[in-house]
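Trainee: Each residue of the sequence shown is one higher than the one before, counting from 1 in UniProt numbering. Beta carbons are placed, not taken as given, at the ideal position from N, Cα and C, and that holds for glycine.
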Amino acid sequence: MLKTIQMIEAIKKHSMPFADVDDLLPLINTASRAQYVLLGEASHGTSEFYEIRAAITKELIHHHDFSFIAVEGDWPSCFEVNRYIKGYTTQYANAEDVLKSFNRWPSWMWANQEIKELIEWLRDYNNNLPAHQPKVGFYGLDVYSLWESMEAIIEYLENNHASDAKKAKKAFECFEPFHREAQMYGISSALYGKNCMVEILELLQTIQQKKDTYTHEPEAALSMQVNALVASNAEAYYHTMITNDNESWNIRDRHMVEALKYIQAYYKESAKGIVWEHNTHIGDARATDMKSSGMVNVGQLTREEYGPKHVYAVGFGTHHGTVIASDSWGNPQQELTVPPAIEGSWEDTIHRAGAFDQYLMFTEENRNFFHSTIGHRAIGVVYDPEIEQYGNYVPSRLSKRYDAFIYVEETHALSPLIF
1 MLKTIQMIEA IKKHSMPFAD VDDLLPLINT ASRAQYVLLG EASHGTSEFY EIRAAITKEL
61 IHHHDFSFIA VEGDWPSCFE VNRYIKGYTT QYANAEDVLK SFNRWPSWMW ANQEIKELIE
121 WLRDYNNNLP AHQPKVGFYG LDVYSLWESM EAIIEYLENN HASDAKKAKK AFECFEPFHR
181 EAQMYGISSA LYGKNCMVEI LELLQTIQQK KDTYTHEPEA ALSMQVNALV ASNAEAYYHT
241 MITNDNESWN IRDRHMVEAL KYIQAYYKES AKGIVWEHNT HIGDARATDM KSSGMVNVGQ
301 LTREEYGPKH VYAVGFGTHH GTVIASDSWG NPQQELTVPP AIEGSWEDTI HRAGAFDQYL
361 MFTEENRNFF HSTIGHRAIG VVYDPEIEQY GNYVPSRLSK RYDAFIYVEE THALSPLIF
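1. Shortest alpha-carbon distance to residue 457 belongs to which of N127, T4, A54, G73?
2. Whose CA, out of Y156, N279, A285, lies closest to the CA of N227?
3. Alpha helix (DSSP H) containing Y374: first to last residue?
4. Are I242 and G315 close, meaning C-beta to C-beta below 9 Å?
5. What separation, rounded to the nearest whole angstrom, lies between the Cα atoms of F18 and D74?
6. I need the boundaries of the beta strand (DSSP E) containing Q334, first residue and last residue.
7. Okay, do the segment 347-360 and the segment 395-411 touch, 3+ Cβ pairs below 8 Å being the bar?
8. DSSP three-state call for G299: helix, strand or coil?
9. Residues in its own chain within less than 6 Å of Y267 by CB, not counting five upstream and five downstream?
10. Determine the closest residue to R397 out of Y383, T373, Y390, with distance taken between C-alpha atoms.
11. Who are the Cβ neighbours of H412 in its own chain at under 8 Å, not counting the five residues just before and after it?
12. Would DSSP call S43 helix, strand or coil?
13. Tell me the DSSP secondary structure of G186 in three-state form.
14. Can you tell me where the beta strand (DSSP E) with T215 in it begins and where it stops?
15. Which runs of the beta strand (DSSP E) at least 3 residues long sit entirely within the segment 189-275? Give them in chain order.
16. Nearest-angstrom Cα distance between A70 and Y262?
17. Check whether the segment 244-254 and the segment 158-170 are in contact - that is, three or more C-beta pairs closer than 8 Å.
18. Figure out for me which residue from F419, Y36, V21, E114 has the closest Cα to the Cα of L301.
19. So, under 8 Å CB-CB, S15 and A353 are touching, yes? Tell me the CB distance rounded to an integer number of Å.
20. Would D348 and Y383 qualify as a contact pair, given that the criterion is a beta-carbon distance under 9 Å?
21. I believe G317 touches Y402 by the beta-carbon criterion, under 8 Å. Please report the beta-carbon distance rounded to the nearest angstrom.
22. Span of the beta strand (DSSP E) holding V311?
23. Which residues bound the beta strand (DSSP E) around R397?
24. To the nearest angstrom, how far is it from the Cα of H239 to the Cα of M184?
25. In three-state DSSP terms, what is Y359?
26. Can you list, in chain order, the residues of its chain whose CB lies under 6 Å from that of T89, leaving out five sequence neighbours each side?
27. Determine the extent of the alpha helix (DSSP H) in which Y84 is found, giving its start and end residues.
28. Do the segment 96-110 and the segment 215-231 touch if we need at least three Cβ pairs shorter than 8 Å?
29. For S415 and E114, which I take to be in contact (beta-carbon distance under 8 Å), what is that distance rounded to the nearest angstrom?
30. Run through DSSP, which three-state label would T288 get?
31. What span of residues does the beta strand (DSSP E) with V71 cover, start to end?
32. Under the rule that 16 or more other beta-carbon atoms within 10 Å means buried, what is Y390, buried or exposed?
33. Could you give the distance in angstroms between the alpha-carbon of I56 and the alpha-carbon of I200?
34. Can you check DSSP and say which residues form a bridge with F138?
35. Can you find at least 3 beta carbon pairs, one from the segment 286-299 and one from the segment 169-185, that sit closer than 8 Å?
36. Just mark S399 as buried or exposed, buried being the case when its beta carbon has 16 or more other beta carbons within 10 Å.
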């Protein structure tokens, strides 16, 4: 009890209330000194998390020269957004049109009203840049798009490098018997030794060797390399997920950091990037129970790769509200109630310190006040509010997991686009 009271008093002393982006400027200005700003979310379906991240992102781009946004999304779909905001294509009439590219479940993560507004802002921002200034990009870091990435590779090669298209088709044909069913492929490869590893690695090697010849479309070399990387790491991911869930997680997060390196290499070495992912990815795994399970994540790996001073991770949380999620994998989205945070959690403790929107910035002077291991809510694309106390709270040392934490007292469900 005494420790809880002390933490509540520390929150009262060190937190800052906010109502709009101007109130967040101390956090934004501090974050802007890093090369990578990692913006989290406690769910994939909360409007305020998207809106606040968008507001921070606009400030970092407009006033602090950040060059790209990389998100927890599929490369092929996100690359269509990149083409739209940079004016590489006239295929799409508007942001809502390009967001139809996100047609794989859970589409609401990116095909939503909140992202639509950001995409239009990015396009307008890029259109108004001087001709010599590089345009801001939008990219996907995730590993799930094996089939879509293979199709993108084949389409490009068929149009521009017909001889190499045969090798790509051979690799793709290896996956055809599994009918786009990742679990079916995972079972076959893990339990029966029937996999497509050799074909994928040969294709990846070919694309790496010939990357300098992919000049027929803007950013074609970058897209080809990352699509090939997706295919290679997705094969490993699906191969592993049947027998070792923790290692498949590690493959996914290592892939995201590797994809980030490709994006960074496309821009100049000093370019700065913004990453949008769930708290479970951007908050340092070493400050949670993930460490004891041998799991790593983007927050940990980027801090190790670039140094803590070059990475600024911002976590998010809420006390109660509503959220978009599903009752099981692949099922239709629903608006669900987020109940009040369980007693003793970080969200409950902050609520008790003050039932209003506020944020904490962790410094050498105050980190020790927020170093206790306490439950921190995490809501995924599948969510059951009635049993969340049994599996939705991650034991976390908040000030070690993040560099700052944004708390929203009451949140509301995301606004999915209906196509």
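Mentor: Straight from the coordinates:
1. No answer is possible for residue 457: the residues shown for the chain start at 1 and end at 419.
2. By 1-based counting over the sequence shown, the position of residue 227 is 227. Measuring from the Cα of N227, the nearest candidate turns out to be Y156.
3. Within the sequence shown, the letter at position 374 stands for residue 374. The sequence shown places Ile at residue 374, rather than the Tyr named in the question. From DSSP, I374 is part of no alpha helix (DSSP H) but of the beta strand (DSSP E) over 373-377.
4. On the sequence shown, position 242 is the one that residue 242 refers to. On the sequence shown, position 315 is the one that residue 315 refers to. Not a contact, by the Cβ cut-off of 9 Å.
5. On the sequence shown, residue 18 is found 18 positions in, with the first residue counted as 1. On the sequence shown, residue 74 is found 74 positions in, with the first residue counted as 1. Roughly 33 Å separates the two Cα atoms.
6. Sequence index remark: in the sequence shown, residue 334 carries index 334 (1-based). Where Q334 is concerned, the enclosing beta strand (DSSP E) stretches over 334-338.
7. yes
8. Counting from one through the sequence shown, the residue named residue 299 turns up at place 299. The answer is helix: DSSP assigns G299 an H, G or I state.
9. Reading the sequence shown from its first residue, position 267 is the one you call residue 267. Excluding sequence neighbours, Y267 sits near S67.
10. Within the sequence shown, residue 397 is the residue found at index 397, counting from 1. Nearest option by C-alpha distance: T373.
11. Working through the sequence shown from its first residue, we reach residue 412 at position 412. These residues qualify, in order along the chain: T46, S47, E48, G321, T322.
12. Locating residue 43 in the sequence shown gives position 43, counting from the first residue. Correct three-state label for S43: coil.
13. Indexing the sequence shown from 1 puts residue 186 at position 186. In the structure shown, G186 sits in a helix (DSSP, three-state: H, G or I).
14. Along the sequence shown, one-based indexing puts residue 215 at 215. T215 -> no beta strand (DSSP E), and no H or E assigned at all.
15. none
16. Numbered from its first residue, the sequence shown carries residue 70 at position 70. Numbered from its first residue, the sequence shown carries residue 262 at position 262. Those two C-alpha atoms are separated by around 11 Å.
17. no
18. Your numbering for residue 301 matches position 301 in the sequence shown. Ranking F419, Y36, V21, E114 by Cα distance to L301 puts Y36 first.
19. As a working note, residue 15 is residue 15 in the sequence shown. As a working note, residue 353 is residue 353 in the sequence shown. Correct: roughly 7 Å between the Cβ atoms.
20. One-based indexing of the sequence shown puts residue 348 at position 348. One-based indexing of the sequence shown puts residue 383 at position 383. Not in contact: D348 and Y383 (Cβ atoms no closer than 9 Å).
21. Against the sequence shown, residue 317 aligns to sequence position 317. Against the sequence shown, residue 402 aligns to sequence position 402. Not confirmed; about 10 Å, so no contact.
22. In the sequence shown, residue 311 corresponds to position 311, counting from 1. First-last of the beta strand (DSSP E) with V311: 311-325.
23. By one-based count along the sequence shown, residue 397 stands at place 397. Its beta strand (DSSP E) spans residues 393-397.
24. Taking the first residue of the sequence shown as position 1, residue 239 is located at position 239. Taking the first residue of the sequence shown as position 1, residue 184 is located at position 184. Straight-line Cα distance between these residues: approximately 10 Å.
25. Here the question's residue 359 lines up with position 359 in the sequence shown. Strand, per DSSP.
26. By 1-based counting over the sequence shown, the position of residue 89 is 89. If we look at T89 and ignore the five residues flanking it on each side, its Cβ neighbours are R83.
27. Taking the sequence shown and counting its residues from 1, the one referred to as residue 84 is at position 84. Start and end: 75-85.
28. no
29. Indexing the sequence shown from 1 puts residue 415 at position 415. Indexing the sequence shown from 1 puts residue 114 at position 114. 7 Å between Cβ atoms; contact.
30. If you number the sequence shown from 1, residue 288 lands on position 288. Of the three classes helix, strand and coil, the one that applies to T288 here is strand, per DSSP.
31. Within the sequence shown, numbered from 1, the residue matching residue 71 stands at position 71. V71 -> beta strand (DSSP E) spans 66-71.
32. Locating residue 390 in the sequence shown gives position 390, where the first residue counts as 1. Exposed, by the Cβ-count rule.
33. Translated into the one-based positions of the sequence shown, residue 56 becomes position 56. Translated into the one-based positions of the sequence shown, residue 200 becomes position 200. For I56 and I200, the distance between alpha carbons rounds to 39 Å.
34. Sequence index remark: in the sequence shown, residue 138 carries index 138 (1-based). F138 pairs with I69.
35. no
36. By 1-based counting over the sequence shown, the position of residue 399 is 399. Buried is the call here.
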